[in-house]
Every structure is written in C-alpha cells, then in structure tokens.
Amino acid sequence: MKNLSDIQKRILELKKEKNALILAHYYVPLEVQDVADHVCDSYAMATKAMDATEPTVIICGVRFMGESAKLLAPEKKVLIPAIDAGCPMADMVTVEDVLKLKEEHPNAAVMCYVNSSAAVKAVSDICCTSSSAIRVANSIDNDEIIFVPDIHLAEYVADQVPDKKFILHTGFCPTHHRVTEADIIAAKKAHPEAAVAVHPECRKEVLKHADFVGSTAQIIDFARKSEAPEIIIGTEMEIAARLQREMPEKKVYSVTSAFVCPNMKKVTPEALLNCLENEEFEITLDEAEAAAAREALDRMVKC
Ligand code: 13P
Ligand code: SF4
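Using our numbering, the first residue of the sequence shown is number 27, and each one after it goes up by one.
#1: Enumerate in chain order the residues of its own chain whose CB-to-CB distance from Lys41 is below 7 Å, with the five nearest sequence positions on each side excluded.
#2: Give the list of continuous beta strand (DSSP E) stretches no shorter than 3 residues that lie fully inside the segment 206 to 239.
#3: So what does DSSP say about Met273, is it helix, strand or coil?
#4: Can you list the residues near ligand 2, meaning Cβ strictly closer than 7 Å to any non-hydrogen atom, in the order they appear in the chain?
#5: Out of Val136, Pro288, Ala318, which has the shortest C-alpha to C-alpha gap to Ala163?
#6: Suppose the cutoff is 8 Å on Cβ atoms and the five residues either side in sequence are ignored; what does the same chain contact list for Ala318 look like?
#7: I need the DSSP call for Phe192, collapsed to helix, strand or coil.
#8: Can you tell me which residues form a DSSP beta bridge with Gly197?
#9: Give the range of the alpha helix (DSSP H) segment to which Thr73 is assigned.
#10: By Cβ distance, which residues of its chain are closer than 8 Å to Glu256, with the 5 residues on each side in sequence left out?
#11: Can you tell me which of the three DSSP states Val65 falls into?
#12: Would you grab the beta carbon distance between Glu227 and Leu179 for me? Rounded to a whole angstrom, and I think it's under 8 Å.
#13: Assuming contact is defined by CB atoms lying nearer than 7 Å, are Thr196 and Tyr52 in contact in what I supplied?
#14: Using DSSP with H/G/I as helix, E/B as strand and the rest coil, what is Met290?
#15: Quick one: what's got a C-beta closer than 6 Å to Pro114's C-beta in the same chain, skipping five residues either side?
#16: With a threshold of 16 other CB atoms inside 10 Å of the CB of Ala340, please say whether the residue is buried or exposed.
#17: Any chance you could list the alpha helix (DSSP H) runs of at least 4 consecutive residues sitting entirely within the segment 87 to 136, in chain order?
#18: CA-CA distance, Leu127 and Ala145?
#19: Taking 7 Å as the CB-CB cut-off, is Pro107 touching chain B?
#20: How do the segment 309 to 317 and the segment 66 to 80 stand: do at least 3 beta-carbon pairs fall below 8 Å, yes or no?
#21: What does DSSP give as the partner residue(s) for Ser280 in the beta ladder?
#22: If we call anything under 7 Å between Cβ atoms a contact, is Pro295 one with Val58?
#23: Take Phe90 and list the residues in its own chain whose beta-carbon comes closer than 6 Å to its own, dropping the five residues that flank it on each side.
#24: Under 8 Å Cβ to Cβ from Val286, same chain only, skipping five residues before and after it: list those, please.
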C-alpha cells in the first residue's frame with residue numbers, strides 16, 4: 027500500500043465502519059482512486075454497484091454515474107461525494123429532444139449513452155457506455171438507431187456498425203471535443219515512437235490518428251499490454267498520470283495538457299471524507315421515471 031495521508035487513512039477507517047463500497051472512476055484524482063475498492067470505467071461502475079454486497083455504495087464520479095448505480099441497485103444507499111459534479115454532455119440532451127427525434131423517425135430505436143439523465147434514459151430503448159456501444163448497436167433489431175447525446179461516439183459506432191442508419195444528436199463532451207487534429211499531430215510529431223490510445227468521445231479527425239480507440243478501462247488495458255516504449259493518451263489526464271506511476275519504465279504522455287474534466291476533479295479526498303462522515307449526498311430518483319430508465323440500462327447489461 028502506498029503512503030497514505032491522514033485523510034486517506036480516515037476514509038479507509040470510516041469505509042470499514044460503515045460497510046461501504048467505494049467505486050472510483052479513472053478521471054477522479056489519484057488520491058481518491060487509491061482508497062477505492064475498485065477503479066472503473068462507467069460500465070464496470072454500474073455493474074459493480076449492481077453486484078455489491080455492501081448496503082452503501084459511494085460513487086466517486088459525476089452525477090449520472092451515481093444515478094446509474096442507483097438504477098441498477100435500487101435497494102442500496104448510493105452516495106456521491108460532490109453534489110455539483112455534473113456532466114455537461116449529459117445536460118446537452120433533454121427528454122423533448124428525444125421525443126422529437128422519435129416523432130421524426132418512428133421506426134428507429136433510441137440508444138442512449140449512459141452519460142445522460144435518468145429522465146432521458148426513461149424515454150430511450152437501450153443504454154450504452156463507450157465500452158459496450160458497438161455490442162449494444164449490433165444487438166438492436168431496428169435498421170435505424172437514434173443515438174443521443176454524443177455525436178462523436180455516435181459517428182465512431184456508425185463506422186463500426188455500417189449496416190444500421192444512425193440518426194445523430196448534437197451533444198459532445200467539452201473536455202474531449204476541445205482536442206483538435208492539430209493537437210494529436212503535434213503530440214505524434216513530438217513522440218514518433220509512441221503508441222496512441224484515444225477515447226471515442228474525441229472528434230473523428232482525432233480518432234483517425236489513433237492506434238487504439240476504447241473506453242477508459244480499455245485504454246488502460248491497451249497501455250499495459252503495449253510493447254511500445256512510449257504511449258500517448260487521448261483522454262482525461264488522470265489516466266496518463268495513473269499509467270505513468272504504474273509503469274515508470276515507459277513514458278506516458280497526454281495529447282494536450284488541457285485534457286481535464288473539471289467536474290471529476292471536484293471529487294477530492296476531502297469531499298469523499300465528508301461523504302462518509304455525513305452520509306451525503308444521497309441519490310434519490312423519481313420511482314416512475316426510474317422504472318423506465320432501469321429497463322434501458324438492464325437491456326444494456328443483458329445484451
Ligand atoms: P468511460 O465509459 O470510458 O469510463 O467514459 C466515461 C466518460 O465520462 C468519458 O468521458
Ligand atoms: Fe462528462 Fe466529459 Fe467529464 Fe466524461 S469527461 S464526465 S463526458 S464532461
């Protein structure tokens with residue numbers, strides 16, 4: 027075990043006392059990842075919450091991750107440490123947007139990225155995460171798929187599943203969208219020996235320069251297995267930091283130094299300690315809405 031700070035030690039004590047499971051996303055600060063039971067991508071976060079035996083699950087991530095855990099584990103107390111940690115992409119799609127698209131394309135199934143509200147999931151047919159998106163799209167019988175909200179993930183999936191017609195929404199992740207083709211070209215020029223792994227929330231013209239495209243957990247796996255002496259990481263910077271610490275024999279670079287999700291950074295050790303001490307902030311959902319949203323998430327887990 028690494029040297030722990032007093033806050034980290036107190037978190038571990040309280041976690042045991044309160045019989046809580048701590049799940050952390052790869053984008054939250056490393057000091058929080060270091061006291062988690064599991065560090066996950068958004069798919070594993072949801073399924074690990076569902077399989078948890080502990081009565082309390084703490085989701086160290088943004089709000090939609092807490093909502094997904096609550097949907098799949100409704101009998102558990104689900105807490106998030108930072109009440110204001112939202113996902114701007116999730117806020118870009120509304121129920122009205124989905125209903126309008128459904129009206130315009132009545133034969134299409136609605137596939138909804140898990141980065142969305144419970145209300146949007148409730149009017150969707152099936153959810154997906156970045157790691158499950160291709161599998162989910164292939165499982166859909168309809169020839170047309172409305173994909174909300176991420177335009178970049180939708181374009182990536184559409185390329186991989188060419189027999190379906192995709193109807194796209196206009197949402198995007200500001201953190202990934204900000205990265206340009208010029209950024210990735212510059213990073214490759216600076217490190218010509220490096221393998222390049224990129225998240226599918228990046229623009230198409232960025233993805234085309236990657237050796238590997240995948241979810242956060244898949245990027246970590248690729249980097250660990252890669253024989254390249256240097257790796258360029260095209261997603262939130264905490265992943266490059268984690269990999270560099272884990273693999274000091276390799277050189278790990280972020281595509282740009284601006285690759286930061288400000289919302290994930292709100293999940294600090296102090297916020298996690300407060301969450302355990304005061305059992306806040308609890309995720310509660312409207313039950314009628316939750317029942318429909320749960321069906322869309324369940325379909326993803328079962329497909
Ligand atoms: P993953 O599903 O790859 O963990 O991604 C979640 C996310 O919010 C990426 O920006
Ligand atoms: Fe949302 Fe982007 Fe942050 Fe992921 S990185 S939580 S998509 S804002």
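Idealized CB from N, CA, C, for every residue including glycine.
Let me spell this out:
#1: Ile48, Leu302
#2: 221 to 224
#3: coil
#4: Tyr53, Val88, Cys113, Pro114, Met115, Ala116, Asn141, Cys199, Pro200, Thr201, His202, Glu227, Glu262, Cys287, Asn289, Met290
#5: Val136
#6: Lys147, Ala148, Val149
#7: strand
#8: Asp176
#9: 68 to 77
#10: His217, Glu219, Ala220, Ala221, Lys276, Lys277, Val278, Tyr279
#11: strand
#12: 6 Å
#13: no
#14: helix
#15: Pro200
#16: Absent from the structure is residue 340, since the part of the chain shown begins at 27 and ends at 329.
#17: 89 to 98, 114 to 117, 121 to 130
#18: 16 Å
#19: Any reference to chain B falls outside this structure, which holds one protein chain only.
#20: no
#21: Ile259
#22: yes
#23: Cys113, Ala116, Asn141
#24: Thr201, Glu262, Met263
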